[in-house]
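*Asks:* Below is one structure. I have some questions about it.
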Amino acid sequence: DAAVPARSVVTLRLPGGPDQPAEFSYQDLDPPHARANNRLVIDAATGAVARHERFDDKPTGQRLMASIFPLHSGEYFGLAGMLLFMLASLLMPLFTISGWMLYLDRRRKQAALRAVAATAGTLGPVAARTNDAAPVLVAHASQTGTAERLAWQTAASLRAGGVDARVLPLASLGPDALASASRLLVVASTFGEGEPPDALRPYARRVLTRDLDLAGLQYAVLALGDRSYGDFCAFGHAVDRWLHRQGAGPLFDLVEVDDGDAGALRRWQHHLAVLAGSTALPDWRAPAYRDATLLARTHLNPGSPGGPVFLVSLQPDAAETWQAGDIAEIGPRQAEAEVARWLAASGHAASDPVRWQGANMTLGAALAAATLPAVAPLAGHSAQAVADAMVPLPHREYSIASLPGDGRLELLVRQVTRADGRPGLGSGWLTVGAPVGGPVALRVRANPNFRPPADDRPLVLVGNGTGLAGLHALLRARIVAGHRRNWLLFGERTAAHDFHFRDRLAAAQAGGFLPHLDLAFSRDGHGRPYVQDRLREQADRLRAWVADGAAIHVCGSLEGMAPGVEAALVDVLGAPALDALTAEGRYRRDVY
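Numbering (my numbering), first residue to last: 1 to 592.
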């Protein structure tokens, strides 16, 4: 006999033959779910109970295996579970939609990558090559294809400027390839919380943990990331630090890109133009300028043995704001005489109507904002055909010397002279071409890596030439905040002609906001002193300030000054200490 409790449902399966048992399947009055079945097997010939299996008596594993469907449907958890799982099931189509959107996004990125790669690959022979230097290696560490696309755009810009470039995955560069390379640009994505892209993980373990001799390599890193993650651009920084530790020298400082920020990418393009020795490389995406008014320009160093330096004052649009350390991007214009000569040679009139860059304007206005095309290939073509062939002038970058509270945006601009004696495009526009009271195309680009410390820790400011502009803004911000522990080391040619902002710095000293000012004028006296020499002379003070938590900000020329200052810092503080300052954000540079 078998004790069978009260049951809610009973199912009988009759014997399939004379020797087969009868089998009952039943559920208790209050079963945990619809699949919680009990099984009673009876010998059909004798009526004896052959087997009685109760759901509640089964081992845990067997009960779970018998409950797979109720678990997935939510029934196992009662009415609340079924309601929750029903709502979740209604959301399932969203997974299909989001998956389809991710697929389409990847297809779009792959198409864009193929287009960029095709453009870079069909540029033909590199223009204006003057030597047989090895090509610049442009290596990408990509998770979704963005880094690879930017690597191809980087190569295209270099080739347009006359520099040969080769694009390849970073993972393909072993120790021997790195040791034999002369110039390397790395575009590196960070995946998740500070991890390398999936394909780079073995490479990071195999190569980026080794000690190599890369003293003959010059490099730069474009680090891609997202500030919503804690370890922003961590893999790019790791590559940069590793290359530096192996003795490689920076071509320019690492550029961080937050979620595709166009301003940071223009900063990278600016460095590429310097590397290519070309000021005519077009922007990948033109900045959206606002008109500022040119209030005044003052020649600061008449009689100087160096190039003329001007203090340029602008009244920006009310919507434009900035902080100390930020950059002014200027949209230069062709000189009126240059445009007039081109029009005369082409036979077109300045008043010819055209549509250019999405706006209706005259041909003369469009030519002023564009790289002037060759006249001969456009002979006999319409004004609109001329406009279709024009490329916008690339922007120019200048450190901002003032704060919004000063009532104006100030720049220190050194006038550059081209080989034929004409002023440079950007500096010529600001110091000669733009009429006082007239408009200047301006956009401010945030430069968070060169902001002053938020607290009152000591600040060491080091720079030369027009790099004083960025340092002056940092000092102004410190004065406004009431932070007095500031030390400026500044170098130029002569004290009589090139001591920019002399009166302002004297006022800061008198107010107790600049207790230390060390100057190096290389053309005065003997020995041609530079700011790095002043750092070595003040080694004890430098070590004491750093021990007290000081930050060091360097602004000025990339060639000569910046590596000289870094060498002096290594001599005084030691390489490990300088690496630690860099990792802590206490050693920052804005060099060009």
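Backbone N, C-alpha and C fix where the C-beta goes; we use that ideal spot for every residue, glycine too.
Within a Cβ cutoff of 7 Å, which residues of the same chain sit near Ala401, ignoring the five residues on either side of it in sequence?
*Replies:* Glu410, Leu411, Leu412, Ala469, His472 and Ala473
*Asks:* Helix, strand or coil for Ala165? Go by DSSP, reduced to three states.
*Replies:* strand
*Asks:* Thinking just about the alpha-carbon of each residue, which of Ser172, Arg149, His244 and Gly249 is nearest to the one in Glu559?
*Replies:* Gly249
*Asks:* Assign Ala575 to buried or exposed, taking buried as 16 or more other Cβ atoms, counted over all protein chains shown, within 10 Å of its Cβ.
*Replies:* exposed
*Asks:* Count the CB pairs spanning the segment 420-440 and the segment 331-344 that are closer than 8 Å, and state whether there are at least three.
*Replies:* yes
*Asks:* How long is the line joining the alpha carbons of Thr582 and Arg588, rounded to whole angstroms?
*Replies:* 7 Å
*Asks:* Taking contact to mean 3 or more Cβ pairs, one atom from each stretch, closer than 8 Å, check whether the segment 335-346 and the segment 356-368 are in contact.
*Replies:* yes
*Asks:* Can you tell which of Ala359, Gly325, Gln384 and Ala324 has the C-alpha that lies nearest to the C-alpha of Gly349?
*Replies:* Correcting the residue identity first, residue 349 is Ala in this sequence and not Gly. Of Ala359, Gly325, Gln384 and Ala324, the residue nearest in Cα terms is Gln384.
*Asks:* May I ask you to list the residues that DSSP assigns as paired with Cys555?
*Replies:* Gly463 and Asp590
*Asks:* Whole angstroms are fine: how far does the CA of Gly225 sit from the CA of Leu123?
*Replies:* Low confidence applies to Leu123: its pLDDT is 41, below 50, so where it sits in the model is not reliable, and the reading given next is rough at best. Computed Cα separation, rounded: 30 Å.
*Asks:* Using 8 Å as the threshold, is the C-beta distance between Leu137 and Leu184 below it?
*Replies:* yes
*Asks:* What residue ranges within the segment 390-462 form continuous alpha helix (DSSP H) runs of no fewer than 4 residues, ordered along the chain?
*Replies:* Entirely contained in the segment 390-462, the alpha helix (DSSP H) runs reaching 4 residues are, in chain order, 425-428.
*Asks:* Between Thr190 and Asp253, is the Cβ-Cβ spacing less than 8 Å?
*Replies:* no
*Asks:* State whether the segment 454-463 contacts the segment 475-488, with contact taken as three or more CB pairs (one from each stretch) at a distance under 8 Å.
*Replies:* yes
*Asks:* According to DSSP, is Gln664 part of a helix, a strand, or is it coil?
*Replies:* Outside the shown range of the chain, which is 1 to 592, sits residue 664, and nothing can be said about it.
*Asks:* Is Phe55 helix, strand or coil when you go by DSSP?
*Replies:* Phe55: helix per DSSP, three-state reduction.
*Asks:* Looking at C-beta atoms only, is the number of pairs between the segment 314-324 and the segment 439-449 that lie closer than 8 Å three or more?
*Replies:* yes
*Asks:* Given a cut-off of 8 Å on the beta-carbon distance, is the pair Ala369 and Pro392 in contact?
*Replies:* yes
*Asks:* Whole angstroms are fine: how far does the CA of Phe235 sit from the CA of Thr208?
*Replies:* For the record, residue 208 in the displayed sequence is Leu; it is not Thr. Cα-Cα distance, rounded: 11 Å.
*Asks:* Would you mind stating whether Val531 and Leu569 have Cβ atoms separated by less than 8 Å?
*Replies:* Between Val531 and Leu569, the CB-CB gap reaches or exceeds 8 Å.
*Asks:* With H, G and I counted as helix, E and B as strand and the rest as coil, what does DSSP make of Gln384?
*Replies:* helix
*Asks:* Counting along the chain, where does the alpha helix (DSSP H) carrying Ser304 start and finish?
*Replies:* Looking at the DSSP string, Ser304 is not in any alpha helix (DSSP H), and its letter there is neither H nor E.
*Asks:* Which word fits Asn360, buried or exposed, when buried means at least 16 other C-beta atoms lie within 10 angstroms of its C-beta?
*Replies:* That one is exposed.
*Asks:* How would you label Ala551, buried or exposed, when you count the other beta carbons within 10 angstroms and need 16 or more for buried?
*Replies:* buried
*Asks:* Closer than 8 Å by C-beta to Arg290: which residues in its own chain qualify, once you throw out the five before and the five after it? Chain order, please.
*Replies:* The answer, listed in chain order, is Pro316, Asp317, Ala319, Glu320, Ala441, Leu442 and Arg443.
*Asks:* Are the CB atoms of Ala155 and Val167 within a distance shorter than 8 Å?
*Replies:* In contact: Val167 and Ala155 (Cβ atoms closer than 8 Å).
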